[in-house]
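Only one structure is covered here, and it is reproduced in the block below.
In our numbering, the protein residues as written are 67 to 138.
Pasting the structure below:
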């Protein structure tokens, strides 16, 4: 499965990151999502770290509309 990292500016402030696949890019149901990163670099670093964690898992579950903060 090919996963994609999407990083975009939020309306309030900061950056939002989500990880999805090529076939089902629904923004409301990613494999992982977190927002309010203060800088673009922080958002990319968090997303890449989460991609690394997801690559070690077998079956991936979607977030189903809930936002998870990356555990430090």
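Backbone N, C-alpha and C fix where the C-beta goes; we use that ideal spot for every residue, glycine too.
Keep in mind that this is a model prediction, so the values were computed, not measured.
8 Å Cβ cutoff met for residue i and residue j
{"i": "residue 120", "j": "residue 89", "result": "no"}
{"i": "residue 129", "j": "residue 103", "result": "no"}
{"i": "residue 73", "j": "residue 100", "result": "no"}
{"i": "residue 106", "j": "residue 81", "result": "yes"}
Assumed close pair residue i, residue j - CB separation to whole angstroms, cut-off 8 Å
{"i": "residue 71", "j": "residue 124", "result": "No, residue 71 and residue 124 are not in contact; Cβ-Cβ is about 20 Å, not under 8 Å."}
{"i": "residue 87", "j": "residue 69", "result": "6 Å"}
Bridge-paired residues (DSSP) for residue i
{"i": "residue 73", "result": "83"}
{"i": "residue 100", "result": "83"}
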